[in-house]
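What follows is a single structure, written as structure tokens, with notes after it.
Protein chains in written order, with full-length UniProt numbering: chain A, 1 to 343; chain B, 1 to 361.
This is how it looks when you write it as structure tokens:
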């Protein structure tokens with residue numbers, strides 16, 4: 001008993017071929033969409049690769065680009081086959097390779113589904129990469145004279161202003177590193193010597209943040225230095241002051257930005273997978289309906305179309321048997337009967 | 001002697017009508033482009049409305065929007081008329097409407113030209129508006145507790161960050177306004193009291209700027225306070241001073257931004273105007289050719305088409321006389337022999353203007 005058997009006459013076959021051809025053109029555009037999404041994500045990662053220590057994995061965008069290209073290719077081919085299926089002469093030349101093509105399509109659809117899942121899962125490694133990258137970035141903030149790191153200050157300042165965030169988890173991260181270069185510290189001053197002497201590594205630590213942490217929505221001019229000292233500023237309580245600097249951490253801000261992008265891409269790839277499954281089933285119907293013509297010489301005769309020739313269970317056992325036979329055939333054989341029974 | 005006289009055969013007339021039908025449809029698209037340009041400019045001006053002193057500059061995008069809508073409607077009608085002109089019988093339906101349509105299109109085309117020119121001449125008014133607007137914004141920067149002004153601080157900070165500029169003409173403008181509110185000044189401190197006493201109006205002035213003036217390109221952490229005092233900061237050399245804050249004034253930055261936008265829009269509108277002028281000329285030729293065919297009586301014959309029936313001077317004089325006589329309709333008729341002279345010439349003109357008088361009265 002075939003799976004999802006449908007009877008076809010000539011009119012129905014023509015309609016089916018036209019619909020599937022139309023769907024294939026949509027699928028080509030969907031392939032282009034997947035390709036461009038991969039490209040877009042790659043560019044976004046590249047833009048901020050400095051903040052990720054140039055360590056980020058480009059596996060997912062590369063995979064999306066590859067899948068997009070393959071999708072375009074096989075969908076264009078499938079569309080051509082559907083177009084030719086209306087003419088028995090032209091269809092005859094595609095007939096032999098159609099079965100293998102359909103198996104390849106099924107494999108491709110499975111891979112596309114795996115890609116969609118990967119999009120949703122990529123958030124996790126990205127989180128670690130961002131945390132590590134930002135921590136290092138902040139450490140190199142002051143090194144504007146070191147080649148290879150001289151633009152880190154500009155990148156971090158621009159990022160903190162664009163994403164409205166401060167520090168790694170919050171603004172206190174800036175209290176733990178020295179972000180003022182030694183070139184601009186007067187080592188003869190007592191205050192500087194005290195601060196440097198106050199910690200083990202000899203770093204100039206202070207309870208201040210760079211200007212890019214300042215929040216423009218604050219009603220008072222930005223307080224960047226001596227932030228924990230309430231007496232240093234008039235009418236200031238650092239426990240209740242919320243709008244002074246950005247309260248969100250940059251690692252959270254960047255993660256939500258990239259996470260949103262990944263979620264959108266993953267959802268779109270899932271939709272493309274559904275479309276691909278649809279066109280594969282359509283092509284299977286076209287193929288099966290054209291190979292079961294009641295009268296092979298009369299194009300107007302009736303035929304049947306299905307998804308699978310036998311039931312799912314029978315098809316599965318058939319495939320297992322074939323694979324076992326192929327496995328036996330590759331071993332050294334004493335007699336040719338085993339191979340003969342399979343073929 | 002007619003201006004721009006051309007002879008059209010029947011086939012040429014039909015071809016002209018077809019071409020004009022297509023051009024009218026393209027004009028509908030250009031009208032939509034004009035509309036979208038107007039909307040875009042309006043949105044851009046709206047974004048920084050708060051730092052502009054008056055709302056007068058809105059008439060430029062409003063003109064573009066109304067002209068764009070008018071373009072879509074007029075050219076849609078024109079397309080319909082031109083399609084009907086291929087057949088002489090259908091043209092009779094539009095006979096009376098054609099002349100007013102041509103006059104309307106002429107006025108509308110000059111509106112498009114005006115819109116294009118406005119984009120270029122608005123510059124000086126914009127500069128004036130920005131100068132006053134920015135000055136007021138800086139003065140009210142500290143008033144984050146006054147209703148109506150509480151978001152000026154945020155707007156000005158975001159402006160300076162986005163356009164990478166500081167102050168009106170430069171960062172020194174901030175030295176002349178009090179940008180720290182009295183709420184955050186300790187009036188008991190002698191330092192504050194000295195500063196307040198040091199000027200006539202009792203304002204807290206200092207050589208410092210808000211954080212949004214800080215340049216991201218500077219190699220050292222931003223120096224916002226005691227900017228003029230070189231000894232207040234360690235290793236404060238010339239290069240540090242140059243790169244520390246944004247050097248450009250916000251007025252200049254906004255002028256450059258808007259001038260760039262309006263020059264591109266002006267150029268596009270000029271090109272659209274040239275296209276509309278071409279369509280108008282074609283429609284005029286078609287109108288006169290079709291009218292002459294009807295006058296001759298034979299729909300298959302050749303006919304003349306022109307832009308103006310008589311020379312420019314004669315047309316101007318006759319139109320002027322018509323307008324004068326319209327005014328005279330309401331006056332008491334005197335037996336002044338001088339008045340008869342112009343009426344004699346209008347009587348001569350009447351036969352050739354027969355098609356038009358029912359329209360103008």
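Think of the CB as a built atom: it goes at the ideal place given N, C-alpha and C, for glycine as much as any other residue.
Just so it is clear, the structure is predicted and the values come from calculations on it, not from any experiment.
Cβ neighbour criterion (16 or more within 10 Å) applied to residue i
i	result
residue 15(A)	exposed
residue 289(A)	buried
residue 157(A)	buried
residue 150(A)	exposed
residue 7(A)	exposed
residue 180(B)	buried
residue 15(B)	exposed
residue 263(A)	exposed
residue 323(A)	exposed
residue 258(A)	buried
residue 107(A)	exposed
residue 231(A)	exposed
residue 350(B)	Because residue 350(B) carries a pLDDT of 46, less than 50, the predicted location of this residue cannot be relied on, and the following value inherits that uncertainty. When all chains shown are included, residue 350(B) counts as exposed.
residue 274(A)	exposed
residue 220(B)	buried
residue 244(A)	buried
residue 11(B)	exposed
residue 199(A)	exposed
residue 20(A)	buried
residue 56(A)	buried
Segment limits, alpha helix (DSSP H) that includes residue i
i	result
residue 128(A)	123 to 139
residue 6(B)	Looking at the DSSP string, residue 6(B) is not in any alpha helix (DSSP H); the run it does join, the beta strand (DSSP E), is 6 to 8.
residue 288(A)	250 to 291
residue 224(B)	Careful: residue 224(B) lies outside any alpha helix (DSSP H) and carries neither H nor E.
residue 78(A)	59 to 84
residue 80(B)	59 to 84
residue 325(B)	312 to 328
residue 115(B)	88 to 121
residue 322(A)	312 to 330
residue 158(B)	152 to 163
residue 156(A)	152 to 163
residue 242(B)	238 to 244
residue 53(A)	Looking at the DSSP string, residue 53(A) is not in any alpha helix (DSSP H), and its letter there is neither H nor E.
residue 195(B)	190 to 197
Endpoints, beta strand (DSSP E) assigned at residue i
i	result
residue 28(A)	No beta strand (DSSP E) holds residue 28(A); the alpha helix (DSSP H) holding it covers 10 to 47.
residue 305(A)	303 to 305
Beta-carbon proximity check, residue i vs residue j, cutoff 8 Å
i	j	result
residue 21(B)	residue 119(B)	no
residue 223(B)	residue 161(A)	no
residue 168(A)	residue 247(A)	no
residue 244(B)	residue 218(B)	yes
residue 306(A)	residue 2(A)	yes
residue 365(B)	residue 17(B)	In the structure as shown, chain B begins at 1 and stops at 361. Residue 365(B) is therefore absent and cannot be evaluated.
residue 67(A)	residue 102(A)	no
residue 157(B)	residue 210(A)	no
residue 116(B)	residue 270(B)	yes
residue 373(B)	residue 207(B)	Chain B is shown only over 1 to 361; residue 373(B) falls outside these bounds and no answer can be derived.
Could you list the residues in the segment 173 to 184 of chain B with a C-beta less than 8 Å from some C-beta on chain A, going in chain order? The segment 173 to 184 of chain B vs chain A, Cβ under 8 Å: 179, 180, 181, 183, 184.
Anything in the segment 246 to 270 of chain B with a Cβ closer than 8 Å to a Cβ of chain A? List those residues in chain order, please. none
Enumerate, from N- to C-terminal direction, the unbroken beta strand (DSSP E) stretches of 3 or more residues contained entirely within the segment 274 to 308 of chain B. Qualifying beta strand (DSSP E) stretches, in chain order: 303 to 305.
Positions along the segment 151 to 169 of chain B whose CB lies within less than 8 Å of some CB in chain A: 153, 154, 157, 158, 161
If you measure beta-carbon to beta-carbon, which residues of the segment 190 to 205 of chain B are closer than 7 Å to chain A? Within the segment 190 to 205 of chain B, no residue has its Cβ closer than 7 Å to any Cβ of chain A.
Residues in the segment 219 to 242 of chain A with C-beta within 9 Å of chain B's C-beta atoms, listed in sequence order? 219, 220, 221, 222, 224, 233, 234, 235, 236
Any residues in the segment 184 to 199 of chain A with a beta carbon nearer than 7 Å to a beta carbon of chain B? Which ones, in chain order? 184, 185, 186
Using a Cβ cut-off of 8 Å, which residues of the segment 143 to 162 of chain A contact any Cβ in chain B, in chain order? 144, 145, 150, 153, 154, 157, 158, 161
Near-chain A residues of the segment 282 to 305 of chain B (beta-carbon distance less than 8 Å), N- to C-terminal order: none
Of the residues that make up the segment 200 to 217 of chain A, which ones have a beta carbon closer than 8 Å to any beta carbon in chain B? 210, 211, 212, 214, 216, 217
Suppose only complete runs of 4+ residues qualify. What are the alpha helix (DSSP H) ranges in the segment 180 to 247 of chain A, listed by chain order? 190 to 197
When Cβ atoms are compared, which residues of the segment 84 to 113 of chain A fall closer than 7 Å to chain B? none
If contact means a Cβ-Cβ distance below 7 Å, which residues of the segment 72 to 105 of chain B contact chain A? none
Which residues, in order along the segment 231 to 244 of chain B, keep a beta-carbon less than 9 Å from a beta-carbon of chain A? 233, 234, 235, 236, 240
Interfacial residues, the segment 52 to 82 of chain A to chain B, with Cβ spacing under 8 Å: none
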